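Working notes, beginning with the structure itself.
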């Protein structure tokens, strides 16, 4: 492959990722897809509808990703979520921080972008603070703290990766691809059955949000891991995944990509700062959400109610930026993209995020009761 062909392929990857970001934003705006909202609905009013939407998205992403693994198109080990070194403490601590923070900030990273598209100026502040905190945890002062504390605690697994198919192959023999087909089918089908067995899981919004969001995650895996994979770079002669910040196969995630988006905007004239899949997805989500909000006549400017509201959102954004990088992902990065790979680390991070969100919701109720 020549350099010109490589550049052309990279451009195709970016346009495809941008289109998927637009679709994600439009669907999330139309269906009110939100992990924090799903947990809050259960804790506050006992409504499981949005949780079923989210679980349906997980099931679709899991079925699609593992089908591609079984076909030999992708490998979980090529993603950020399934290396042999399991940073379990980072995922627990970071997940708890992120979950608590997303309640204070009225939504996770993806919801922040969707709300910006709908005219929410509070979410614009959350975006900026989250991005700065995330970048500091990737490469700055909190990165040093992260690397020297929680990241130092790890378990080196006796397998090619921490995904369930690789662990099964190491324990029982056979290929990870073979186990991926069966495990992905069984777990994904079970989750889908749980969603669809109840009437609330078969509503139009739940089906559109679950099938739509899950489908774009599968498509993003294909774009990055199949379309954007070059077995031999013409200069380095090494395999490469085009247009990713991590150098690995990527799907949807909304912590580090927000940091890289701000970095790209601030240093735009620096020719070493290139557009990546994560950056164009961030822009696409905002644009898709705005288009859906305008079409549905739900676009409305919204600002902070006061000092306490501002403080909650700023603290929440800080917790999400630091926690999301520490946990190697957010409710979408770990809770959807990561879980679709059947990584045990992603399941741990997801459980920690939910636990942090429940704790924050209980804390909010406690504060309100004290003020009455």
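In this note's numbering, the protein residues as written are 140 to 511.
Glycine is no exception: its CB is placed at the ideal position from the N, C-alpha and C atoms.
Remember, predicted model here, so these are calculated numbers, not experimental data.
Under the three-state reduction of DSSP, residue 380 is assigned to strand. Counting C-beta pairs closer than 8 angstroms gives fewer than three between the stretch 484 to 493 and the stretch 275 to 282, which falls short of the contact rule. According to DSSP, residue 224 shares a beta bridge with 295. If you look at residue 210, you'll find it isn't in any alpha helix (DSSP H); DSSP assigns it neither H nor E. Residues 164, 167, 168, 424 and 428 of the same chain have their beta carbon placed closer than 7 angstroms to that of residue 253, with the five preceding and five following residues left out of the count. Assignment of residue 218 by DSSP, reduced to helix, strand and coil, places it in the strand class.
Close CB contacts of residue 421 within its chain, under the 8 angstroms cut and outside five residues either way in sequence, are with 160, 252, 393, 396, 397 and 400 (chain order). Note that the C-beta distance between residue 486 and residue 323 is not below 8 angstroms. Close CB contacts of residue 340 within its chain, under the 6 angstroms cut and outside five residues either way in sequence, are with 191 and 334 (chain order). The Cβ atoms of residue 318 and residue 484 do not sit closer than 8 angstroms to each other. For residue 344, the uninterrupted alpha helix (DSSP H) run begins and ends at 343 to 361, by DSSP. For the pair residue 465 and residue 232, the CB atoms are nearer than the 8 angstroms cut-off.
Following the DSSP letters along the chain, one finds residue 410 in no alpha helix (DSSP H), marked with neither H nor E. Residue 217 places its beta carbon less than 8 angstroms from that of residue 387. Listed as beta-bridge partners of residue 368 by DSSP are 380. When beta bridges are read from the DSSP output, residue 482 appears opposite 302. Here the alpha carbon of residue 184 sits roughly 16 angstroms from the alpha carbon of residue 502.
Each residue's CA atom was taken as its position, placing residue 227 and residue 290 some 9 angstroms apart. In the three-state DSSP reduction, residue 405 falls in the helix class (H, G or I). Per DSSP, the unbroken alpha helix (DSSP H) holding residue 327 starts and ends at 315 to 335. For residue 140, the secondary structure class from DSSP, reduced to helix, strand or coil, is coil. The stretch 297 to 308 makes contact with the stretch 470 to 481; the number of CB pairs closer than 8 angstroms reaches 3 or more.
According to the DSSP assignment, residue 180 belongs to the alpha helix (DSSP H) that extends over 174 to 184. The three-state reading of DSSP puts residue 447 in helix, counting H, G and I together. The Cβ-Cβ distance between residue 172 and residue 348 falls below 8 angstroms. Put simply, the backbone Cα of residue 180 is about 32 angstroms away from that of residue 225.
Here the stretch 355 to 364 does not lie against the stretch 234 to 250, with fewer than 3 beta-carbon pairs under 8 angstroms apart. Here the C-alpha atom of residue 250 lies approximately 37 angstroms from the C-alpha atom of residue 377.
Linking residue 419 to residue 155 through their CA atoms gives a straight-line distance of about 9 angstroms. Taken through DSSP and simplified to helix, strand or coil, residue 508 comes out as helix. Approximately 4 angstroms separates the beta-carbon atoms of residue 327 and residue 202; this is inside 8 angstroms, confirming the contact.
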